[in-house]
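Chemist: Protein chains in written order, with the working numbering: chain A, 8 to 358; chain B, 595 to 1200. Sharing a structure below in structure tokens format, with a few things to ask.
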Amino acid sequence: MTRILLSSPHAHGKSSTSRVMQQVILACLPGIVALTYFFGPGILVNLLLTTGSALLAEASVLKLRKRNLAPLQDYSAILTGVLLGVCLPASAPWWIPVSGALFAMLAAKHLFGGLGQNPFNPAMAAYAFLLISFPVPMTLWPMAATADQLSWFNSLQGVDSQTGATALDAWRNKGPQMASEFWRATQSLSPLKPLHPAMLQASTYIALAWLVGGAYLIYKRIINWQLPLVFLATLLVYSAFLWGIDSSHYAPPWLHFAAGSAVFAAFFIITDPVSCATSVKGRIFFALGVGLLVISIRTWGSYPDGVAFSVLLMNFAAPALDYFTRPRVYGHNKPQSGMGSGSKKGEQKND
Amino acid sequence: MATTWIKRTFHGGIHPAENKHLSSLAEVRVAALPKQVVLPLSSGNGPALKPLVEVGDRVKTGQLIASCSKGFSANLHASISGQVIALEERPLVHPSGLNVASIVITSDGQDTPYQHPAYPLWQEATDEQLLEMIQQAGLVGLGGAGFPTSVKINGAYQQGIKTLIINAAECEPYITADDLLIQTQAKALLDGIAILQRLLKPQAILLGIEDNKPEALAALETALSEHPLKAALEIGVLPTRYPSGGEKQLIQLLTGQEVPSGKIPLDLGVLCHNVGTIYALNAAVTLGQPLIQRLVTVTGQAVSQPGNYWVRLGTPIQDLLDEAGIKETSSKKAQRLIVGGPMMGFTLDSSDYSITKSVNCLLLPTEKELPLPGVEQPCIRCGQCELACPAQLLPQQLYFYSANQAYEQAADQQLFDCIECGACAWVCPSEIPLVQYYRHAKAELRQMQAEAIKAEQAKQRFEARNARLEQEKLDREAKRLARAEAAARMAAAKKAAAEKEATETEASQQTSQQTSQATASKAQATQAPKAVANNTALLKQLKTAKAAASVAVRKAEKTLSNLEVNPDATPEQMNKQREMIDKAKEQLAKAEAKLAEANSLQETTQ
Ligand code: SF4
Ligand code: SF4
């Protein structure tokens, strides 16, 4: 009787790429629910458009490259769609999510060779692309609902909904105003207040929702806890430092967490394994770098939220991080950094 | 001493389903005496043994039938009594599936033992006698590695060791041979350790056992409580985590030390032996029993009576499977016969093989039990493999370089520190057969290394040949010069004689012109050999000068061509470089002219 020949190991753990992706998508649910609650069904429409176009784009690329369609089942296209969709303003016109998803799949993913090969986070690359190309619709968020007044009922009823500045936008645009004046104006009843409290409240709840999803991922060991921790700690320390220097000028640390996409990014974006540094140590530096860049861009850059650009910049640096953060291998006294010594030794021998 | 619960850990590791209960609950059985055994003369590594019997010879159980003069391979003994019926190539249980020369013996059914000397009171034997017994008995590491035990022990004996480690971790899922051996033979095992203690005098003796074997641990503790080793042996209970029984990991767990890369444990003063080996060693010394049988776990859900069997070496695997009973429930496609455990074992294409010294387990899983590997997906760089790797490598990087055939970079990422434990592949969500890539890369690198060595040797041979030819040429030259010198001397002597005659006979007609001529020619004659010698030295100098000049030209030209392709080079730099080339060329021309001149001079003087 002949038996089949296989190479060891013959056993395999239970994890699979598609399961990992499924779990991440699942962990996005609290965030999606919160976003929909506060900003209306536009979020869901965006998500449908991004995931649909991402899947279509992936399928056609695979067809064109004459690959089989198996990778469609790995959920990575859907995940990219979801991660992009939740970043887009609820009131964005349909071509924003569609062109964003196409950019993510075609330019950011398949141009580099598909899953596992892309140096940049596709969702963030698409977001940056949209922000640069269509700055106006990309920064126009509808006014957030408050607990008693759901904005999407309004929109369903055809009430023309207002737009609201996001907290970070408002802070940016406060100009030379003192922080105390800014907050006083926010509390005022004037219709021209720079930041509607509803917006701030909404973004705080949404951040909490992302935190819940992120905790789930850590619990399930889908992501390492080091990354979000280092990232959020960097945000806290750096922003607190600036705030300590001049609290009337720099944003208070809590604003960096409550507003914008920092918490979301901590668990769902910088943890993207493909475009991150690959070693544990490298990832810690990656998270640190993104954190420093986010605060710097928010404070001195020309965009209100710096997450996308920070992530892309650090994606760029990831190979270098891997290069310098190689772990110490068992039986060696020192870690080897760089590609260096080993091959050089080899060359010397040849001489 | 005592039992300690080890808190130290090694990096990574995994918890695959153990499935040890399948085989550990059954009593140890003795497999039926085989009708025929096939005993290979080589284990696949190390030199082959020389057979000491011929076809037709009758042999007894335990009789030495093949040995290695240098002792690098372990002796081979007949595992049954009967007749040698063939000495031919047979397939060997080995990952590479090679055929090796083997001795085939048919049983006479008697199992008549061959009497070897024994030392039931081994304490009275000398060290030399003990070492000799161990060497004779044909012991190898029974944990699966199969390295000759006497080589290891002799090395340790000569060098001295600090720590003796007994490996009873048995971290591979499914395998329970060591577990059952300890449960049933704890006393004999301790005796074996005592023999090694006496021989090697280690400062510490540590036994590592995973905490998933409470019965074995209890048996050990009971036996130890009334054993002379009581004060010396320390049992370290390890948290169950694969691969805690890997030699390097076990040393790390028990001593906190790491075996330096490229070194062996002995370099740390550590000697590691598997419990099975120690048991066999005790049998060899106290009973005079060479290694002719071993405990084999036959397990998997496709086996009707899984359990541990004492099996004579050379027993056909099919016989053993028949005895244990096979129920093939999987589809044909999924039927596997794994030698060793699910993590590091290798598959056989059929059961037409025979049990060797290193077969510790036969695993026949069903498809449901160990599913066939899924489709390999791209690496998503999730880093799970890094977290699992006990060697603290970056498996994802090793994979990246190996898959892209950048073998040298893979080696630079310390590919050779990979112990092929398979933990990375086990966790990989993309189901990449990582270990397969590493094995391939290692094989390629070894091949490249072998080729580099060959090329280097060829180069050296070529250079040696050139040097020889050069030397011969020089010798010839020297001879020629010597001849020329002699000739010149003779000519001078002749001339001098002629002059003398002339002066004598034609003294009256002597003119001032003649005198001057004679002195001139005399001077020339005496000078000739000196000139020749000077000339050779000069020639050599000129030759080197010329060579140096041409090297300078070539270097300058190379720099120029580098500059030409370099976008940053300025025109000034280029011009300067061109000037340098011209200068170098001038020098070369000068050197060449001088050399030519000297050459022609040399020719004329000869
Ligand atoms: S576990 Fe597999 S997919 Fe993840 S980084 Fe390692 S090789 Fe890549
Ligand atoms: S097989 Fe090699 S790379 Fe993979 S976990 Fe084991 S030692 Fe590490």
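The beta-carbon is built from N, C-alpha and C at its ideal position, and this holds for glycine as well.
(1) Quick check: the Cα distance between ALA1190 (chain B) and ALA1090 (chain B), rounded to an integer number of angstroms?
(2) Helix or strand or just coil, what does DSSP make of TRP716 (chain B)?
(3) Any heavy atom of ligand 2 closer than 7 Å to the Cβ of VAL1029 (chain B)?
(4) Leaving out five residues on either side along the sequence, give the residues of the same chain with a beta carbon under 6 Å from the beta carbon of ALA1112 (chain B).
(5) For TRP599 (chain B), which of helix, strand or coil comes out of DSSP?
(6) Could you give the residue range of the alpha helix (DSSP H) that holds GLY59 (chain A)?
(7) Determine whether the beta carbon atoms of LEU635 (chain B) and ILE674 (chain B) lie at a separation below 8 Å.
(8) Going by the beta-carbon positions, is the gap between PRO767 (chain B) and MET938 (chain B) smaller than 8 Å?
(9) Name, going along the chain, the residues of the segment 1010 to 1021 of chain B whose beta-carbon falls closer than 7 Å to a beta-carbon of chain A.
(10) Give a yes or no on whether the C-beta atoms belonging to GLY977 (chain B) and VAL287 (chain A) are separated by under 8 Å.
(11) Can you tell me which of A:GLY308, A:ARG290 and A:LEU215 puts its alpha carbon nearest to the alpha carbon of PHE264 (chain A)?
(12) Label ILE11 (chain A) either buried or exposed according to how many other C-beta atoms from any shown protein chain fall within 10 Å of its C-beta, with 16 as the threshold for buried.
(13) Say whether chain B places a C-beta atom closer than 8 Å to the C-beta of LEU12 (chain A).
(14) Considering only heavy atoms of ligand 2, does any lie closer than 7 Å to the CB of ALA132 (chain A)?
(15) Taking 8 Å as the cut-off, does the segment 910 to 923 of chain B touch the segment 847 to 858 of chain B (at least 3 CB pairs, one atom from each stretch)?
(16) Among B:GLN723, B:PHE1010 and B:LYS1036, which has the Cα closest to the Cα of GLY856 (chain B)?
(17) With respect to 7 Å, is the separation between the Cβ of CYS283 (chain A) and the closest non-hydrogen atom of ligand 1 below this value?
(18) From THR700 (chain B) to LEU847 (chain B), what does the alpha carbon distance come to, in whole angstroms?
(19) Determine the chain A residues that contact GLU852 (chain B) at a beta-carbon separation under 7 Å, and present them in chain order.
(20) Keeping to the same chain, check which residues put their C-beta closer than 6 Å to that of LEU692 (chain B); ignore five residues upstream and five downstream.
(21) Output needed in chain order: residues of the segment 309 to 335 of chain A with a Cβ under 9 Å from some Cβ in chain B.
(22) Start and end of the alpha helix (DSSP H) containing GLU722 (chain B)?
(23) Using a Cβ cut-off of 8 Å (strictly closer), state whether SER255 (chain A) contacts chain B.
(24) With DSSP run on the structure shown, which of helix, strand or coil describes TRP904 (chain B)?
(25) Considering only DSSP beta bridges, list what ILE697 (chain B) is partnered with.
(26) Mind pulling the beta strand (DSSP E) runs of 3 or more residues that sit fully within the segment 763 to 827 of chain B?
(27) For the segment 906 to 913 of chain B against the segment 974 to 989 of chain B, do three or more pairs of beta-carbon atoms, one drawn from each stretch, fall closer than 8 Å, so that the two count as touching?
(28) Where does TRP148 (chain A) land, buried or exposed, given buried means 16+ other C-beta within 10 angstroms?
(29) Kindly say whether LEU62 (chain A), judged by its beta-carbon, lies nearer than 8 Å to any beta-carbon of chain B.
(30) Taking LEU658 (chain B) as the reference, which of B:ILE760, B:LYS664, B:TRP599 and B:GLN730 has the closest Cα?
(31) Using a Cβ cut-off of 9 Å, pull out every chain A residue sitting near MET938 (chain B), in sequence order please.
(32) Taking C-beta pairs closer than 8 Å, name the residues in chain B that VAL297 (chain A) reaches, listed in chain order.
(33) Contact defined as beta carbons within less than 8 Å: I believe GLY732 (chain B) pairs with HIS821 (chain B). What is the distance between those atoms, to the nearest angstrom?
(34) Does any C-beta atom of chain A lie closer than 8 Å to the C-beta of ASP916 (chain B)?
(35) Would the beta-carbon of TYR836 (chain B) be found less than 7 Å away from any heavy atom of ligand 3?
(36) Taking GLY121 (chain A) as the query, report the chain B residues whose CB atoms sit under 8 Å from its CB, ordered along the chain.
Modeler: In short:
(1) 33 Å
(2) helix
(3) yes
(4) Legend: pLDDT at ALA1112 (chain B) = 49, less than 50; position of this residue unreliable, value from coordinates given subsequently. Around ALA1112 (chain B): GLU1093.
(5) strand
(6) 49 to 71
(7) no
(8) no
(9) ASP1011, GLY1016, ALA1019, TRP1020 and VAL1021
(10) Result yes, Cβ atoms of GLY977 (chain B) and VAL287 (chain A) sit closer than 8 Å.
(11) The candidate whose alpha carbon is nearest that of PHE264 (chain A) is A:LEU215.
(12) By the neighbour-count rule (16 or more Cβ atoms within 10 Å), ILE11 (chain A) is not buried but exposed.
(13) At a cut-off of 8 Å between beta carbons, LEU12 (chain A) contacts chain B.
(14) Distances between the C-beta of ALA132 (chain A) and the heavy atoms of ligand 2 are all 7 Å or more.
(15) no
(16) B:PHE1010
(17) no
(18) 46 Å
(19) TYR337 and GLY338
(20) LEU686
(21) ASP329, ARG333, PRO334 and ARG335
(22) 721 to 730
(23) Closer than 8 Å: no.
(24) strand
(25) B:LEU633 and B:LEU681
(26) 798 to 804
(27) With a cut-off of 8 Å, the segment 974 to 989 of chain B and the segment 906 to 913 of chain B do not count as touching, because too few Cβ pairs lie within range.
(28) buried
(29) no
(30) B:GLN730
(31) Near MET938 (chain B) (Cβ distances below 9 Å), the residues of chain A are SER15 and PRO16.
(32) By Cβ distance, chain B contributes nothing, its closest Cβ being about 17 Å from VAL297 (chain A), past 8 Å.
(33) At roughly 27 Å, the Cβ-Cβ gap does not stay under 8 Å, so GLY732 (chain B) and HIS821 (chain B) are not in contact.
(34) no
(35) Of the ligands one can find in the structure shown, namely ligand 1 and ligand 2, none is ligand 3.
(36) PRO972
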